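Be aware that the sequence shown starts at 122, since it is given in this note's numbering, and climbs by one per residue. For reference, the structure is listed below as structure tokens.
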Amino acid sequence: MEGFSISTLITAVLVLVVLVFLVQGMVYLYQWWQKKRQFQRIIDSGLPSIDQMDGAQFEYFLVELFRQLQYRAKGSKASHDYGADLILDKENRIVVQAKRYGVNKKVGIKAVQEVYFAQTYFQAEEAWVLTNSLFTQSARKGADKTGVKLFDRKDLQRWLLQVNPALDAKTVVETVKPKERKCPACGGRLEKRTSKHGAFMGCNHYPNCTHTEPVNAKN
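Structure (structure tokens):
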């Protein structure tokens with residue numbers, strides 16, 4: 122009887138150990154699946170293409186995106202935007218400052234201050250800052266004080282998944298010209314060019330000037 126009890130106990134312990142390993146394995150597989158699903162959602166949303174845009178392309182794309190979201194959307198004049206890159210109208214007027222940054226660069230409080238001024242200038246009911254990146258703590262504190270609404274990478278992804286823009290992010294990257302900029306090496310004009318490695322900005326004085334930079338280098 123005693124031997125039977127010990128044998129039963131050993132069996133029970135072994136079964137418990139196996140169950141623990143199975144549960145841990147299931148948890149690991151679930152976490153792996155969640156990460157893979159999240160990555161696919163980012164790919165489907167077009168964020169990788171947005172990360173390749175310059176500021177002008179980003180604003181162009183956002184106008185189309187918000188039109189798909191049933192807003193009356195237009196870009197403000199680039200040289201006199203007074204802190205607003207886009208103006209949206211739906212139930213009320215909204216001024217938006219768009220910040221296309223590198224993922225590792227956060228948007229600071231200056232953007233909040235500028236769009237807060239734009240809200241008064243354009244007589245808008247709301248002021249937003251929208252970025253494909255994230256915000257600094259000072260920007261969030263400033264937004265809390267002023268009532269400016271902040272929308273980061275996750276919010277942008279959520280909007281993208283709600284609609285299927287007629288002009289998707291990849292198309293914008295491929296067809297919309299980046300904002301003109303000067304060559305820092307010779308003062309010439311940088312133009313969009315394409316190589317087997319993808320799009321880049323090259324000097325119009327090539328081959329006398331061989332300066333190149335990424336399309337989104339100035340953002």
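Here a beta-carbon is modelled for each residue, glycine too, at the ideal position from N, C-alpha and C. For clarity, every value in this text was computed on a predicted model and none was experimentally measured.
Residue 216 holds the alpha-carbon nearest to the alpha-carbon of residue 234 among 216, 222 and 225. Residue 232 and residue 280 have their C-alpha atoms spaced approximately 21 Å apart.
Annotation for residue 229: 257, 259 and 260 place their beta carbon closer than 7 Å to its own, counting only its chain and skipping 5 residues before and after.
Here the alpha carbon of residue 245 sits roughly 40 Å from the alpha carbon of residue 333. For the pair residue 298 and residue 255, the CB atoms are not nearer than the 9 Å cut-off. Beta-bridge partners assigned by DSSP to residue 308: none are found. When secondary structure is reduced to three states using DSSP, residue 263 falls in the helix class. Pairing residue 277 with residue 251 gives a Cβ-Cβ distance under 9 Å.
Straight-line spacing of the CA atoms in residue 284 and residue 174 works out to 20 Å.
Contact between the stretch 179-191 and the stretch 235-242 is absent, with fewer than three C-beta pairs closer than 8 Å. Sorting 203, 292, 265 and 322 by C-alpha distance to the C-alpha of residue 306 places 322 at the top.
By the neighbour-count criterion, in which 16 or more other beta carbons inside 10 Å mark a residue as buried, residue 253 falls on the buried side. In the DSSP secondary-structure assignment, residue 246 is not bridged to any residue. C-alpha of residue 265 to C-alpha of residue 214: approximately 20 Å in a straight line. Under the DSSP definition of a beta bridge, residue 197 lacks any partner.
Taking a contact as a CB-CB distance under 8 Å, the pair residue 180 and residue 206 counts as one, their CB atoms being some 5 Å apart. Per DSSP, the unbroken beta strand (DSSP E) holding residue 214 starts and ends at 214-220.
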